[in-house]
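Numbering (the working numbering), first residue to last: 9 to 235.
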Amino acid sequence: VAVIPARGGSKRVTNKNLREFKGLPLLAWSISAAKSSKLVDEVVVSSDCHNILAVAREYGAIAMKRPLDLADDFSSAYDVGRYVYLNQLNTKPGYVILLQPTSPLREMHLIENGIKAIEKDDSIDRVIEVNSLRLFSGKVVNNIWMPDYPEDMRSQDIEETFFPSGRLYVYRAKTTMDINESEGNTSIILGDYERNINIDYESDFEKLDFVYNNYKSDYEHLLSYYI
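Here it is in structure tokens:
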């Protein structure tokens, strides 16, 4: 089961889950990615917002109302997915896939790769896609910059920092959802940071347009699903 957590409140980008991109609400891109996958049996949109739930139904997802205590700034996607799994599904799936609607572009093979990775290794509890960057990081102490690396260090020699892309989280239900363990033994799929999209600010829509236009053949199936 794919669960798309899409709450109504958004402080930096108003109604971002319903904002249109290429004629489709942002939410519909994640629904399309899940419905396009042959390994996904059900697609659920969990929201506190009636408008989002209506759009979810319009684009073929199962719309499920979430309680208000799971619709604030402190509610994690995992908490929402677990609530759906424990309280709202008629049958319990082997895997729960979380798809953030604010990361709308997913290649055809991405979800399948995540599911196949967790299916082939029983020791894995969760698979996520990550990106990496080489950051010239540091900290500021008493208004003094204290870098982690020498100023003349080449960027290619800096240790990579890895972080979730936001596009894919696959959970083995019996070792995560059933026992309230959000992480467990986590395996990764390494994604391309150049394609990383997380809609947090208005300017992120410009990058979304750039990535779609530059890798159009990898994402056209998401748009054509509804045409």
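All residues carry an ideal CB built from backbone N, CA and C; glycine is no exception.
Looking only at its own chain, which residues have a Cβ that is under 6 Å from the Cβ of P109, when we skip the five neighbours before and after it? I12, A14, N25, L34, L35 and S38
Using a 10 Å radius around the Cβ and a threshold of 16 neighbouring Cβ atoms, would you call G199 buried or exposed? buried
Enclosing alpha helix (DSSP H) for I60 [first to last residue]: H58 to E66
Which same chain residues end up closer than 6 Å to D165 when comparing Cβ atoms and leaving out the 5 residues on each side of it in sequence? none
Alpha carbons only, please: which of V9, I60 and G17 is nearest the one belonging to D208? G17
Under 8 Å between C-beta atoms, does P75 make it to chain C? Looking for chain C here will not work: only one protein chain is present.
Let me know the alpha helix (DSSP H) ranges lying completely inside the stretch 141-201, each 4 residues or longer, listed in chain order. none
Would you check whether the ligand NAD has a heavy atom nearer than 7 Å to the C-beta of E210? Here there are no bound small molecules, and the ligand NAD is not part of this structure.
Give the straight-line distance between the Cα atoms of V52 and T183, rounded to the nearest whole angstrom. 21 Å
What whole-angstrom Cβ distance do S195 and I105 have, given they're in contact under 8 Å? Actually they do not touch by this definition, with Cβ atoms about 14 Å apart.
Residues bridged to E137 (per DSSP): I197
Beta carbon of E120 nearer than 8 Å to that of I197: no
Exposure label - V148; buried when at least 16 CB within 10 Å: exposed
Within 10 angstroms of its Cβ, does G237 collect 16 or more other Cβ (buried), or is it exposed? Not covered by the structure: residue 237. The range shown for the chain is 9 to 235.
List, from N- to C-terminal side, the alpha helix (DSSP H) runs of 4 residues or more that fit wholly inside the stretch 11-76. 34-43 and 58-66
What are the residues that DSSP puts in a beta bridge with V104? Y179
Inter-stretch contact at 8 Å, needing at least 3 Cβ pairs: the stretch 144-164 / the stretch 220-228: no
First and last residue of the uninterrupted alpha helix (DSSP H) at S83: Element bounds for S83: n/a, residue is neither H nor E.
For A41 and M185, what's the separation of their Cα atoms in angstroms? 23 Å
Go to Y227, then tell me how far its alpha helix (DSSP H) extends in each direction, as first and last residue. K224 to S232
Would you kindly report the start and end of the unbroken alpha helix (DSSP H) that includes N204? First-last for N204: undefined, no H or E at that position.
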